[in-house]
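Undergrad: Residue numbers (our numbering): 9 to 274.
Here you go, one structure.
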Amino acid sequence: MKVIIVTGASSGIGLSIAQYLGNQGHHVYGISRSKHFDKSIRSIQADVTEFDALKAVYQEIFDIEGRIDVLVNNAGMGISGSIEDTAYEDASYLMNVNFMGVFNSTKAVIPFMRSSGGGKILNVSSVAAKLSIPFQAFYSSSKAAINAFSEALANEVEPFNIQVCTLMPGDIKTGFTKNRKKNSVTSESYGDRVEKSVGVMEKDEQNGMDPDIAAKTVHRLVNKKRIPLYKTIGLKYKVIVLLAKILPSGLANRIVGAIYAFKKDK
Ligand SMILES: NC(=O)c1ccc[n+]([C@@H]2O[C@H](COP(=O)([O-])OP(=O)(O)OC[C@H]3O[C@@H](n4cnc5c(N)ncnc54)[C@H](OP(=O)(O)O)[C@@H]3O)[C@@H](O)[C@H]2O)c1
């Protein structure tokens, strides 16, 4: 039995991970702003943008359990729109939840993992970290930031026997699509390009994989002695990430543009 914290465990990928691990007999604590009632999860309300609140919650879990073995930093959200039309507040809020949330949660858990003799930190990024999506620049940037953060973190905490893995899921069918905050402003210069682009993404997400695939991946990582630095979720997406690595960056970016950038109708 392991003591596991999953952030963003009230819906989608986080809920699936938390339920799956809880049903395997692990003690799973789910963190989210809304309370989720499920017999396999101990749900605690907290916002990942608030460090002091997270620290107090992790202290409480440590006091009850005597250790914390695994942290899955999964909480996240999306915004869409052109960079030019994005409000500073929206961009800043997204970075605060998706990136600073991972920082807050990681910073809060490290002392408890060190006292536990080690642990695993699994950060949920995205394939969009490797291939930046037009009209979702801030989302892609937040995930690329998680990748860089996780690489540095892995080397920093290795002497404490804490291992780090960045998960890069492809499209998964969850509430993420409806929770995405779309720009209310779209200037004339972009026309319907933004709507068309986000439409492609929404369709891919809603025809995407079952969140169960992420749960099974995390379950395998929890049981593994040594975990990899990166784990892409979904066979198709493993091929895409490999192509992104071997193709010249300009070519890869043009392919992404051909799928998501659209030309403005004359
Ligand atoms: N779905 C995909 O295709 C896909 C692909 C790649 C990566 N991802 C990543 O997977 C993660 C989970 O996404 P999902 O698809 O499962 O979306 P989702 O169904 O919208 O779930 C998001 C979760 O994050 C929580 N959350 C949001 N803001 C929070 C905050 N400030 N503090 C605490 N919890 C917060 C939400 O709970 P509350 O609203 O109750 O707080 C919810 O439990 C995200 O990091 C996302 O970027 C998703």
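Cβ atoms here follow ideal geometry from the backbone N, Cα and C, with glycine treated the same way.
Looking only at its own chain, which residues have a Cβ that is under 8 Å from the Cβ of Cys173, when we skip the five neighbours before and after it?
TA: The answer, listed in chain order, is Lys128, Ile129, Leu130, Asn131, Ser158, Leu229, Ile235, Pro236, Leu237, Tyr238, Lys239.
Undergrad: Given Ser150, which residues of its chain have a CB within under 7 Å of its CB, disregarding the five upstream and five downstream residues?
TA: Cβ within range, chain order: Leu102, Met103, Asn106, Phe107.
Undergrad: How big is the Cα-Cα spacing for Ala222 and Val110?
TA: Going by the C-alpha atoms only, they are around 18 Å apart.
Undergrad: In its own chain, which residues sit with a C-beta less than 8 Å from the C-beta of Thr206, not counting the 5 before and 5 after it?
TA: Residue identity check: residue 206 is Val in the sequence provided, not Thr. For Val206, where only same-chain residues beyond five positions count, the Cβ hits under 8 Å are Ser88, Phe143, Gln144, Arg188, Lys190.
Undergrad: Got a sec? Which residues, its chain only, sit under 7 Å from Ile76 by beta carbon, not counting five neighbours each side?
TA: Same-chain partners within the cutoff: Val11, Ile13, Tyr66, Ile69, Phe70, Val117, Phe120, Met121, Ser124, Gly127.
Undergrad: Going straight from the alpha carbon of Gln32 to that of Ser19, what length do you get?
TA: Roughly 19 Å separates the two Cα atoms.
Undergrad: Whose C-alpha, out of His44, Lys115, Leu29, Ile72, is nearest the C-alpha of Val58?
TA: Checking the displayed sequence, the identity of residue 58 turns out to be Glu instead of Val. Ranking the options by Cα distance to Glu58, first place goes to Lys115.
Undergrad: What does the Cβ neighbour count give for Glu213, buried or exposed, with the cut at 16 atoms within 10 Å?
TA: The residue in question, Glu213, is buried, as its Cβ has 16 or more Cβ neighbours within 10 Å.
Undergrad: Thinking C-alpha only, which one of Val36, Leu255, Ser40 is nearest Ile72?
TA: Among Val36, Leu255, Ser40, the Cα nearest to that of Ile72 is on Val36.
Undergrad: Could you check where the beta strand (DSSP E) with Pro177 kicks off and where it finishes?
TA: Its beta strand (DSSP E) spans residues 170-177.
Undergrad: Using DSSP with H/G/I as helix, E/B as strand and the rest coil, what is Gln3?
TA: Nothing about residue 3 can be reported from this structure: the residues present for the chain run from 9 to 274 only.
Undergrad: Taking only three categories from DSSP, how would you classify Leu237?
TA: It is coil, neither helix nor strand.
Undergrad: In angstroms, rounded to a whole number, what distance separates the CA positions of Ser140 and Glu210?
TA: Approximately 16 Å between the Cα atoms of the pair.
Undergrad: Give me the DSSP bridge partner(s) of Lys128.
TA: Val78, Gln171.
Undergrad: In whole angstroms, what separates the C-alpha of Tyr147 from that of Ala83?
TA: When rounded, the distance between both Cα atoms is 13 Å.
Undergrad: What three-state label does DSSP hand Val226 in the structure shown?
TA: Three-state DSSP puts Val226 in a helix.
Undergrad: Rounded to whole angstroms, what's the CA-CA distance from Tyr268 to Lys204? Just pull it up for me.
TA: Distance between the alpha carbons of Tyr268 and Lys204: 8 Å.
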